[in-house]
Structures are given as C-alpha cells and as structure tokens.
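Residue numbers (the numbering used here), protein chains in the order written: chain A, 385 to 873; chain B, 155 to 375.
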Amino acid sequence: MIGMNTSMMLLILLGVPAFAAVVLGFVGDRKFAPEINIAGSAATFVAGIGLALEVLERGSMLAGGKFFFVDAFNVYLSVLTAFVSMTTAIFSRRYMRREREHGRVGHVGMRFYHAMFQLFIFAMLLCLLTNNVGVLWIAMELATLSTVLLVSLYRTPTAIEAAWKYFILCGVGIAQALFGTVLLSFAAEKVIGEGGEALLWTNLSAVSGSLEPTVLSLAFVFLMVGYGTKVGLVPLHNWLPDAHSEGPTPISAVLSGLLLNIALYALVRCKVLVDGSTQSHHAGNIMMGFGILSIVVAAFSLLRQKDIKRMFSYSSIEHMGIATFAFGLGGPVATFGGLLHMLVHSLAKSAIFFTVGHASQMHKTQEMSRIRGLFKGNPLVGWGLMFGVMAIVGMPPFGIFTSEFLILTATMKDAPYLTPFLLLGLGVAFAALLRRVQPMVSGEIPPYQKPLKVANVPVLLHLALVLMLGVYMPDFLNNWFHAAVELLK
Amino acid sequence: MNLALAAQINSFLAALVLVTAFGMLVQKRVYGLIHLFAWQGFFLSLNTAIVGYVAGKHHLYISSVLTLSIKVFVLPYILHVLVNRLKIRRDVETVVNIPRTMLIGIALVIFSYHLTSPVRELSTLVTRSTLAVALATVMIGLLMMITRTHAVTQIIGFLALENGLFFAATSATYGMPLVVELGVALDVLIAAFIFGIFFFQIHAAFDSLNVDQMARLKEGE
C-alpha cells in the first residue's frame, strides 16, 4: 500500500509538469498563461515535498517496477529543482510580460516559452528520478533540446548564434556520454546477464565490484567528456556563457541554477560505479583535474567581462568546477561540501539572475558600464544583487562560505598541493565580482534608468535560505547529506 | 545462417557504413550528402536485422524497422523538404584540403581500433569486431562537423555521429534495452524538428546557412 503511495507521488511529480506543458501549449499567449505556469510549478513543488516526506519516513526506495529510484542524493535535488522552478515561474510572470510589451517576444514565442519551460522541468525531474542510466541520458538530451529554442527566443543574430552553439556542442558532447553508456551496458551484461535490467543503476551499483575495470575506465572517459560538457567544465565550456547570457533571464536562472546541477548529478552517479569497479582514484583524479582547471580559468575570465549575464555565467562555471572538484576529491568532508555547494549555489545564482534581470530591464541593457545607481533606483534590486554577490563569492555567514570552507579543509588535508590553485581561483573571483558589482549598485540614478515593479518574493526567499543554510542546517537535510555521503563513498 | 557467415556479412556491412562515412566527409553537394546519409542508415538497419536474426534477439527487429523508417525515410525526407524550401539545393560547399581530412579520418579509424581493443578481447559476441568501426563512424561524424561550415552539413554530420552510436550499441551489446532505443529515437525526431526551425531562423538572421558568419559572440567585446 505504501509502495503504491510512492508510485503515485512520483507519477504526480512527473505528470504535473508534463501535463502543464501540454496545457500551456494550448493556452498559448493568453492573459493567464503565466499564472497557469506558476500553478503548475507550485503543484510540482508540493508533490516534491510529498515525495521528500515519504523518503524521510521510509528511506530510499524503488518505485514503478524498479523504473524509478529515490534516495538521499536525488531527493534533495528534486525538491530543489521543483522549488527553483516555482520561484522562477513567479519571477518570469512580470518579466516576460514586460518583454512582450517591449516587443522582444512575439505571440508564438510566448506560447513556446511557457510550454517549453514546463517540459524542461519534466526532463530534469526525470533525469533525477529514473533508475535507468539509458533513460537518464535520454532525459538529459530532452532537457537540452527543450531549452535550445528558448535561448534563441529573441531571434537576434547573437541569440541564434548562441543557441546554435548550444545545440551543436551539447549534442556532440552528450553523444560521447551515450557511447560511455553503451560501454557501461556492455560491462554490465557480462555480470548481470542480458535483458532490460542491465542498465538499472541499483543493479549496477550492487555488482559494481565485479564490473570489468578496463571497460569502465574507458567508459568513464566518454561519460566525463559527455556530461562534463553539460556541466560546463573547462575546456568544454565554450557554449555556456553564450547560451546563459543570450536567452531570457528566467531561462538563464534555471540553466545556471538547475541544469548544471543535473548534469553533475549524472556524472557523480557514473563515478560511483566506476570507483566500485576500479577500486582506485582514477575517476576522482580526472574530475579533480577538470574541476581545478574550471575554477582557475573561469575566475580569470570573470575579470574580462562587460556583459552582466555573461559574467555570472562564468561564475557558474567556477562554482560547478568547485563542486566537481569536491566530488573528485571524495571523502566525507569534501563530498558533504560538494552536496551543500550544489544546493546553495543553485539558490544564490538564481537569486542573482532574478536581480540581474530586473536591473537590465531597468536600464534596457546588459552592459555593466551602463548599469548604475541600483541602491537608490530600486533598493530591493540593489541590495538583492549586493547580498547575492556577497553570498556567491563565499562571504560568511552565507551557506556558500560553509561549503567552500569544508571543501578547502578537505583539500588541505587530502591534496595540499592543490590548495594554492583553489585559493587563487576563489580570491580572483572574489575580487573580480565585487569590483564589478560595487559601481553598479552605488552612485546616483542615471537619467535613462526606468523605475520598475519587481517580483520581490523569489529574491528574498532564495537569499534567506542561503543565509539560513550558512548558520543553521536543518536536521533532515543533515541526515540526507550524511546518507548521500555514505552512498557516494 | 551459420555464425561464420553472419560475422562476415556483419563485417561487410560495417565496412559499407564506414565507406559512406568517408564519402560524407568529402561530399560537396547537399543532395549527395543526404543520399549518402540515407544509404548509411540502410546498411545499419540491414545489419541490425541480421544481428537480430543470428543472435535470436527479436527486439532488434523493432530497432531495425525504426532505423529504416527514421534514418532512411523520415530524416532524409525532412532534409529534402528543408533544402527545397530554403532554396539551397544547388549550394556547393568548398571543402578545404580533402587529402588532409581523409588522412585524419584514417588516423581516427586506427585510433578507434586501438581504443576499443580491451572491449574486443572481452567480448564473445559475433559483432565484436565492428565496435571499432562504430566508434570510427562517431569520430568521423565529429570531424565532419568541425571541418564543415554549412548548417545543413553540420546537422548531417551530427546525425551520422548518432548512427555511429546506434551501431556501437548493436555491436557491443546486441542493442540497448527497447525503452532506451525508443527514447533515443524520440530525441532524434525532436532534434530534427528543432534543427528545421533553426535553419529558418539562421536563414532569416544571416541570409544564408553558412555558420562561418556566426562570430559575434566573442570574449571581451
């Protein structure tokens, strides 16, 4: 009976966004489309909470005939995904209406925007909850495809260029991941036997010790390149700053805040299998290399940016580098830090994108040199941006300070020779971001700035959560993270 | 059909797939490319059916039919229509340095054989020797996407790459579970829908489908 409950819950969680996508496809550019979008995302979030309560009560479980799988690692990411989707939907209500009034999006564009937004949420949740590594790949590709045309929504030459790059580079990247999955299934069939069950993650992790290590090492290289492209790791990151800066801001928020997390999730799931098979630190070392390179390169790229969304996209690369590095390093402290980092970065980065969206609409530009006087022009946007940036650069008492501190401590203990690089990256990013943001928020209001009604709930909610996670970690979250650390060992 | 014969037919079809991949690498005309792509899909589909028959895996018949309908009929048809609508049927692309591209292609084939040798040694399947060809097809698709500058050509390279992946799944494990194959096919169809829209968007914004002009997004500008 209880198992029934879980299946129902999963069905609702995945069904609501899929259904909402269809409904919004029909509703199109009607007046109340943004409200339906919010209602759909809110219902998804409620279902996510329901699922989380189930997991709290009963621990990890299989559902839907082994097709779905919920444990401490994916449940918190599912709730996070549903939560940020909901706040983004709230933010996007006014934002997209204004873009429509300014004529940047047309009739068809709005229909497309809402339907694809929900489809995107569905794809991400499917990624997280499926037990089948093949389906994981399919859902990841679906998440890319559903956002490609959102990046080119404004139809400007730069937007189309960004979307094309995103489509081609991520398509090629993720194709490598499929080859890795084929190799994984080859190794699995030797042990588990032929049939549909060889790609189930729970089966694979149960027998990972007897999977052929040479094949799995080879598979991991392909999986790393494939999913690493989607995480935006240097040197596979070329598409990311373009795609995240040319699309509408709500999409930038979910791409940076959520999709990167999902790709990292897939990579970490694969790493667990490879580690179990090779009994070495081979996969971890590769991830640490990519991670540290991303941190340093992205930090220095931050210095050269002129476009505000582009700058924060580079900051996303840096933070995904930190999380990848943490999972590569392994061990309880670093893994705990990595899990927390995925959570707080997602909340802080989407909050920043919300304020950035408001700021660029107020000034009708994304150029940082023309954004001025935000404190005076709109205190919520100004202070929201300021606190968001203070959180993202890792100032106490925000949650990112905690996660970065944990990761740094673990680095000093387990890989001391990498500590200077990590500190260099963090330091440069700190200086670069604060130097850029300070003139934007302070000073007088420029004449071309337009006052704006803003959506304040999403920003405040996100920043409050990031702050709370810095000073107080709820027990259930702590337990989940510890359980996930056990799982990823 | 005995196993030795099946293995030979399998290798022969693999060779044909590789030949079409090389053909695409140097084909200048858009129509020629689409036809080569359709042929590659046909060889792939035939190969899948034969493997399914020899190995007694009936779900491979479904994959084979799926490949035949999508890669031999639907996708080439969509591409034909798009090429007609956008009036680019006479477009001839300048392919720079054919000998060098071919040499890189050959190097990729050798590299693929080297990379997959551990898998080949472990495998007991009839199809084990073709995994290297599959990986080579993936790599050549990739090479084609890098060396070409026309949007349609890049997409055909991408689809050829996807052919290679499908081939790899058949060679390494007698195909992925059916739900995965169906999902991948669905993704390919959605991708086809998206690149169709893209061609029109690019055409409207840049007045041609040459992606060389896309160089506005650069650092520090």
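Ideal placement from N, C-alpha and C gives every residue a C-beta, glycine not left out.
Is the beta carbon of Phe183 of chain B less than 9 Å from the beta carbon of Glu545 of chain A? The question names Phe, but residue 183 of chain B in the sequence shown is Arg. No, Cβ-Cβ distance for Arg183 of chain B and Glu545 of chain A is not below 9 Å.
May I have the straight-line CA-CA distance separating Pro418 of chain A from Leu408 of chain A, to the nearest angstrom? 9 Å
Three or more C-beta pairs closer than 8 Å, one from the region 559-568 of chain A and one from the region 618-625 of chain A: is that the case here? no
Whole-angstrom distance between Ala456 of chain A and Leu437 of chain A, CA atom to CA atom: 12 Å
Can you find the residues in the same chain that come closer than 7 Å, C-beta to C-beta, to Ser592 of chain A, ignoring five residues on each side of it along the sequence? Leu657, Gly660, Ser661
Return the chain-ordered list of same chain residues with a C-beta closer than 8 Å to the C-beta of Ile422 of chain A, the five sequence neighbours on each side being excluded. Met470, Ala473, Ile474, Arg477
Chain B within 9 Å of Ala816 of chain A, Cβ atoms only: no
Tell me the DSSP secondary structure of Leu240 of chain B in three-state form. coil
In this structure, how does DSSP classify Ala426 of chain A when only helix, strand and coil are distinguished? helix
Out of A:Gly610, A:Ala627, A:Leu446, state which residue places its alpha-carbon closest to the alpha-carbon of Thr586 of chain A. A:Leu446
Which residue wins for smallest C-alpha separation from Asn516 of chain A, given the options B:Ile264, B:Leu332, B:Ile216, B:Gly311? B:Leu332
What is the rounded straight-line gap between the Cα of Thr390 of chain A and the Cα of Leu435 of chain A? 7 Å
For a quick check, are the C-beta atoms of Gly610 of chain A and Ala559 of chain A less than 9 Å apart? yes
Anyone know if the C-beta pair for Ala203 of chain B and Leu214 of chain B falls short of 9 Å? yes
Where in the region 535-614 of chain A do unbroken runs of the alpha helix (DSSP H), each at least 4 residues long, occur, reported from the N-terminal end onward? 541-576, 585-590
Going by beta-carbon coordinates alone, are Leu792 of chain A and Leu807 of chain A separated by less than 9 Å? yes
Under the rule that 16 or more other beta-carbon atoms within 10 Å means buried, what is His628 of chain A, buried or exposed? buried
Give, in chain order, every residue of the region 161-193 of chain B whose Cβ lies closer than 9 Å to some Cβ of chain A. none
Could you give the distance in angstroms between the alpha-carbon of Ser601 of chain A and the alpha-carbon of His666 of chain A? 8 Å
Mapping the DSSP letters down to three states, classify Ala447 of chain A as helix, strand or coil. strand
Please classify Arg694 of chain A as buried or exposed, where buried requires at least 16 neighbouring CB atoms within 10 angstroms. buried
Would you call Met796 of chain A buried or exposed, if buried means 16 or more other Cβ atoms sit within 10 Å of its Cβ? exposed
Members of the region 328-342 of chain B that neighbour chain A once the beta carbon cut-off is set at 8 Å: Tyr328, Met330, Pro331, Leu332, Val333, Val334, Gly337, Val338, Leu340, Asp341
DSSP puts His304 of chain B in a beta bridge; with which residues? B:Asn364
Output, in chain order, the set of chain B residues within a Cβ distance shorter than 8 Å of Ala546 of chain A. Leu371
Can you tell me whether Phe227 of chain B is helix, strand or coil according to DSSP? helix
Take Ile635 of chain A as the anchor and find which of A:Val825, A:Met392, A:Ala735 has the nearest alpha-carbon. A:Ala735
Backbone secondary structure at Phe453 of chain A - three-state DSSP: strand
Output yes or no for whether 9 Å exceeds the beta carbon distance between Leu297 of chain B and Leu198 of chain B. no
What three-state label does DSSP hand Gly374 of chain B in the structure shown? The pLDDT assigned to Gly374 of chain B is 45, lower than 50, so where the model puts this residue is not dependable; a value taken from the coordinates is nonetheless given after this. Three-state result, Gly374 of chain B: coil.
Tell me whether Asn251 of chain B sits in a helix, a strand or coil according to DSSP, three-state version. coil
Span of the alpha helix (DSSP H) holding Gln502 of chain A? 491-513
Below 8 Å on the Cβ atoms is my guess for Leu764 of chain A versus Val838 of chain A; work out the distance and round it to an integer in Å. 6 Å
Buried or exposed by the 16-neighbour rule on C-beta atoms within 10 Å, applied to Ser697 of chain A: buried
Does any C-beta atom of chain A lie closer than 9 Å to the C-beta of Leu276 of chain B? yes
In the DSSP assignment, the alpha helix (DSSP H) including Ile646 of chain A goes from what residue to what residue? 644-662
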